[in-house]
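See below for the structure under consideration.
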Amino acid sequence: GAVGIMLGCCYRLSCVAFLGPYWYLLLLDKTSWNNHSYLYGLLAFQLALLGADRYGSVDGLFRPQKRNAHVPLWNYTLLRAQVFIVYFIAGLKKLDADWVGGFSMGTLARHSLFAPFRLVLSEELTSRLVVHGGGLVLDLSAGFLLFFDATRPLALVFVTYFHCMNSQLFSIGEGARGTPRHPQPGHGTPGYPQTPPTRASSSPHGPQTPPKILNRGAQTPQNTLALTKPPQPSPDCHYEGQGARGGLRPRQHLAAAFTILYVLEQLFLPYSHFITQGYNNWTNGLYGYSWDMMVHSRFHQHVKITYRDGLTGEVGYLKPGAFTQSRRWRDHADMLKQYSACLSQLLPRYNVSQPHIYFDVWVSINERFQQRWHRGQGHGGQGDVGDRGHGGQGVRGWVWAGSCGCCCFQLRLGRTQGHVGGAAGLSPQVVDPVCVPGLHLENFVSEDLGNTSLRVLRGKVLVELVEQQQNHSLQEGEGMQLPAGQYHKVHTVSPEPSCYMYLYVNTTALELERNLTRLRELRERVRNGTEQSPLPPELRPILGEPPPAGVPLDPLVSLFLRRERREQRREREASLAQRLRRFLRRKLFLFRRRSVPAPPPAPRPCPLPVPPVAHRCPRSALMTLIALRNLALGRPSPERLAQEVAFANWR
C-alpha cells in the first residue's frame, strides 16, 4: 500500500491496502499508540480521500483525465490544517507552568548538542530559554509559517533544523514511545510525536514546488508524464469567472462540509478530557488525541504488585512488568486495569486460586515529589483492581489526585540535591515522597545503600522499623538513619500531607570505583617506573600479561580489563572531531591541575593487595592564583579554602 501511494499506482486501492491494516494493528494494541503513530493514521485517512495521484503518477499514464490535472483547494487546506493543528496545539499545551518553568525536560540541556549555548549561558538558562523557550516559540509559530506560501521557506529551515536535532536527541521509532539517546536520571521520557525525518519531509509544500524541481531534470520522463505542460482542468474543481460551467455540485458541497467538520473535530479532541474526567498531567484521559509533546516527564521510584490467594490467603509479590513487555500501565489507569485482568487469568496457572491483585505505584511528574498514583482502600493504600470498574469515571475513581500542597518544593528540589551532594562529597541520590494522611509507604533499604537517612520536610510521620519493632516519631526538620537490609514503614500522622526526603549513597558502587581508580593509578606507576614494590601475581593481568597458571582471574581485575577494552574500542571508533575534543579537554585539565606527590593517606580496605596510592597535591594555574591572593589578602576560612581546592581539582 505504501509503495502504491508513493508511485500513484492504483492509488485508491493502495490507500485502502495501507489504511486498513495500519489502523487494525494500531487499535489492536494500545501500548503502541502515540502521537506520531496516530498522525500517520490520520494522514493515511486523508490521502485516501484526496486527489494525490494527479501529478507524476503511474495512474496518469493510463488515465489521461488524471494526468497533470488540477487538485481542489480543499485538499491542500486539509493537509495544511492538520500540520498546523499538530504544531499549534502542541504549543498551546506547552504554555503549561511546568514547561514555561523549565521542569518538563530539565536534563535535556546537558546534551552535547547544546554545548554551544552553554558557552554563554548556564545549564539552567540553556534549559529554560533554549530548550523550553525555543520549543514553545517554534511550536506556536511553525503552524502559521508553514501554512502560508510567503513564509514557508523560512519555516522549512527552522523545522528541518528542529527535527534534525530531535533525530540526535531521541531514538524514536514507529509504534514505540521515544526514548532519549542520552541518559536522563529520574525521567521516563515520552517521545516526540513523529520520527524526525518523517516530520521534516511531511512539512507542507506548495503545488509549484515539484514542477520547479522536475523541470531541471531530463526531458524524456517529463514529456511522458506531461510534467512540463500546463495543468488541465479537473471535474473535481469549481472554477469562477470566464469559462466557469454551472454552480457547485453536491459532491463539492460534501467536500467543503467534510473539511470543516474534520478540522473542528481535530480542534475538539485535544480538549475533550471532560469525557473521561481526567487530564493528561496525572490521570491520563484521552492522551492519544492531545498532542501533548514532551510536556510531561515521569519517574517511578516505587512500584509494587501484591497478590493474595482467595482460598488460602497466601500473600506474595510479583516483579513489576511480569508477563508484559510494556511499562505504560504504570501511567495509564485503563491499562493498569487491563494488566490486572491479565494477571488474574495467568496466576491460576501458578497455583494461585481466585487471585486478588493489589498495586502500589508512586510517580514523580516533572521533577515533583514522588506521590502515590494508584488509589485503593486496601492495606497500605493498595486496592484490589480486579473488582473495580473499567472506563471513564470508573478508572478515574481509583487514581489518587495529585497533591498540590508540596508543589513549592519543586523549585527547591534541584538546589537541595546539589547542596546536599556538595556537602557529602559522595554524589548522593535523593528521593522525595509525598504521602497523604492515613496511608503509609513500605520500603526496603538494600544492603548496598549503607548510608541511608530520612528527613521530614513537612508534616509529621511515624517511622516503623519492622525487624527491630521500633517506632520513631519525626516532625518537620527532623531526620534519622535507616538500617540497611531491612524493611521500614513511613506512616503519615499529620492532618496534612507529609513530605520527606531519602538521602542515600551506594557505598558498594562507590568502593568499587575507588578500587578501579587505584588499579588504574597503579598501572600508570608501574609503566613509568615510579612503583617500587613488586606487583602481586593476581594483578599482573592489568599490564596485559596472562594470569598465572592455576590462579583464577579476580572479578575486580576482570571488570577493570573489560572497561579498558571498552574505552579502547570507543577511542578507535571515535571521529576526528571527538578525538580533537578529547585532546583539548586533556590539555585543559593539565593546565588547571598539575599534581605532585604528597604523603599517602590512611590505608583503605580493598579486596586486592593494591599498594597504597600516593595522594596528589594540586599545583595549577588556579591554585597559584589562589595562593597569590592569600599572600596579599590573607588566608580565607577553611570552608572557603576547601571549596576552592575542590573546584581546582574538578574534572
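In terms of our numbering, the sequence shown opens at residue 1 and continues consecutively. Every residue gets a Cβ at the ideal spot worked out from N, C-alpha and C, and that includes glycine. As the structure is a prediction and not an experimental result, all values here were calculated from the model.
Taken through DSSP and simplified to helix, strand or coil, Asn451 comes out as strand.
Under the three-state reduction of DSSP, Glu442 is assigned to strand.
Cys164 and Ala155 have their C-alpha atoms some 14 angstroms from each other. Gly91 sits close to Asp139, with the two beta carbons spaced by under 8 angstroms.
If you draw a straight line from the Cα of Thr259 to the Cα of Leu49, it is about 11 angstroms long. Judged by beta-carbon spacing, Ser498 lies within the 8 angstroms limit of Arg458, meaning their Cβ atoms are closer than that value. Straight-line measurement puts the Cα of Gly51 at about 14 angstroms from the Cα of His238. Around the beta-carbon of Ile275, fewer than 16 other beta-carbon atoms lie within 10 Å, marking it exposed. When only Cα atoms are considered, Gln532 and Arg298 end up about 53 angstroms apart.
In this structure the region 16-26 does not lie against the region 62-81, because fewer than three pairs of beta carbons, one per stretch, are closer than 8 angstroms.
Around the beta carbon of Thr530, fewer than 16 other beta carbons lie within 10 angstroms, which makes this residue exposed. Uninterrupted beta strand (DSSP E) stretches at least 3 residues long and entirely within the region 286-333 occur at 298-308 and 315-318, given in chain order. Distance between Gln338 and Phe323, taken at the CA atoms: about 12 angstroms.
In the same chain as Thr306, and ignoring 5 residues on each side of it, the C-beta atoms closer than 7 angstroms to its own belong to Val315, Tyr317, Tyr358 and Gln382, in chain order. The beta-carbon distance between Pro537 and Pro548, rounded to whole angstroms, is 5 angstroms. This is short enough to meet the 8 angstroms contact definition. Taking 8 angstroms as the upper bound for CB-CB distance, Cys15 and Leu47 are in contact here, some 6 angstroms apart. Using a C-beta cut-off of 8 angstroms, the region 478-491 makes no contact with the region 510-529, since fewer than three inter-stretch Cβ pairs fall below that distance. If you compare the alpha carbons of His374, Arg349, Pro348 and Ser353 with that of Asp360, the shortest gap goes to His374. Inclusion of Trp291 and Lys93 in the CB contact set at 8 angstroms is warranted, their separation being smaller than that value. Within the DSSP bridge table, the entry for Trp362 names His302 and Arg372 as partners. If the five residues before and after Thr508 are omitted, its C-beta is found closer than 6 angstroms to the C-beta atoms of Asp448, all from its own chain and listed in chain order. Note on Asn630: under 16 other CB atoms within 10 angstroms of its CB, so exposed under the neighbour-count rule. DSSP places Ser122 in the coil class of the three-state scheme, outside both helix and strand. Cβ neighbours of Val466 within its own chain (closer than 8 angstroms, five residues either side excluded): Gln486, Tyr487, His488 and Lys489.
Counting along the chain, Asn471 sits inside no alpha helix (DSSP H); it lies in the beta strand (DSSP E) bounded by residues Gln470 to Leu474. Put simply, the backbone Cα of Leu522 is about 12 angstroms away from that of Pro541. Sorting Thr151, Arg152 and Ala97 by C-alpha distance to the C-alpha of Arg128 places Ala97 at the top. If you look at Ser37, you'll find it in the alpha helix (DSSP H) that goes Asn35 to Leu49.
Excluding five sequence positions before and after Ser326, the CB atoms of its chain that fall closer than 7 angstroms to its own CB belong to Thr31, given in chain order. When secondary structure is reduced to three states using DSSP, Lys489 falls in the strand class.
A straight line joining the alpha-carbon of Phe18 with that of Ala44 spans about 8 angstroms. The beta carbons of His356 and Arg308 sit closer together than 8 angstroms. With 16 or more neighbouring CB atoms inside 10 Å of its own CB, Asn35 falls in the buried class. Rounded to whole angstroms, the separation of the alpha carbons of Leu539 and Arg566 is 19 angstroms. The beta carbon of Arg635 sits closer than 8 angstroms to the beta carbons of Leu641 from its chain, once the five residues preceding and following it are set aside; these are given in chain order. Under the 10 Å beta carbon count, His491 is surrounded by 16 or more other beta carbons and is classified as buried.
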